[in-house]
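Numbering (my numbering), first residue to last: 63 to 238. What follows is a set of notes on a single structure, which appears directly below.
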């Protein structure tokens with residue numbers, strides 16, 4: 063026969079840990095970051111819609127740089143420049159979109175990845191300006207929306223680096 067089980071030493075149930083919500087600066091930064099990603103995607107859509115004009119400009123530029131290259135070579139250079147730029151920018155946007163969730167869940171170390179992505183993003187936006195922009199006056203949707211995307215990403219990063227956000231990231235809040 064077994065002996066009876068001993069009673070619990072403390073009959074008080076464990077406390078329920080209150081889930082801390084992110085401060086407004088973190089939530090605002092997340093919104094700015096996502097808005098920047100949306101602006102970048104819209105920039106990609108405009109660049110894709112206007113790809114024939116961009117290809118014509120790139121063909122003309124490639125033909126002026128080296129007059130010895132045949133038409134097929136010029137077409138190839140223009141295609142690589144256009145699709146390489148769009149592909150790189152799309153990859154940067156995808157990675158940036160994936161970084162929002164860990165940050166809003168309190169993973170403060172992700173801010174280093176965001177900082178690196180903003181630097182890579184600046185390079186991608188410079189490529190968009192170099193290959194998809196031209197010198198004519200007026201609004202050019204692809205490069206200008208890409209620049210807006212970069213500005214919003216930098217603003218979001220700065221908000222994530224402010225003291226209230228840093229305290230929240232460093233605080234002992236439960237991870238979801």
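Note that the Cβ used here is the ideal one computed from N, Cα and C, for glycine as well. Here the structure is a predicted model, which is why all the values come from computation and not from measurement.
For the region 168-195, which segments carrying the alpha helix (DSSP H) assignment without a break, of at least 4 residues, lie completely within its bounds, in sequence order?
-> 172-194
State the start and end residues of the unbroken alpha helix (DSSP H) segment that holds residue 229.
-> 225-232
Should residue 81 go down as buried or exposed, given a rule of 16 or more other Cβ atoms within 10 Å for buried?
-> exposed
Distance, Cα to Cα, residue 190 vs residue 113?
-> 12 angstroms
What residue range is occupied by the uninterrupted alpha helix (DSSP H) comprising residue 130?
-> Careful: residue 130 lies outside any alpha helix (DSSP H) and carries neither H nor E.
Cβ contact (3+ pairs, closer than 8 angstroms) linking the region 150-166 and the region 180-188 = yes
How about residue 94 and residue 217: are their beta carbons less than 8 angstroms apart?
-> yes
Do you know whose CA, among 101, 137, 165, lies nearest residue 205's CA?
-> 101
Closer than 6 angstroms by C-beta to residue 201: which residues in its own chain qualify, once you throw out the five before and the five after it? Chain order, please.
-> none
If you check the beta carbons only, do residue 120 and residue 140 fall under 8 angstroms apart?
-> yes
Tell me where the alpha helix (DSSP H) around residue 89 begins and ends.
-> 86-111
Going along the chain, which residues of its own chain have a beta-carbon closer than 8 angstroms to the beta-carbon of residue 196, five neighbours each way excluded?
-> 119, 202
Go ahead and pull the three-state DSSP assignment for residue 69.
-> coil
Give the C-beta separation of residue 214 and residue 92 to the nearest angstrom, bearing in mind that I take them to be a contact with Cβ-Cβ under 8 angstroms.
-> Incorrect: roughly 11 angstroms between the Cβ atoms, too far for contact.
Is residue 174 buried or exposed, if buried means 16 or more other CB atoms sit within 10 Å of its CB?
-> exposed
If you run the structure through DSSP and keep just helix, strand and coil, what is residue 206?
-> helix
Three-way DSSP call (helix, strand, coil) for residue 198 in this model = coil
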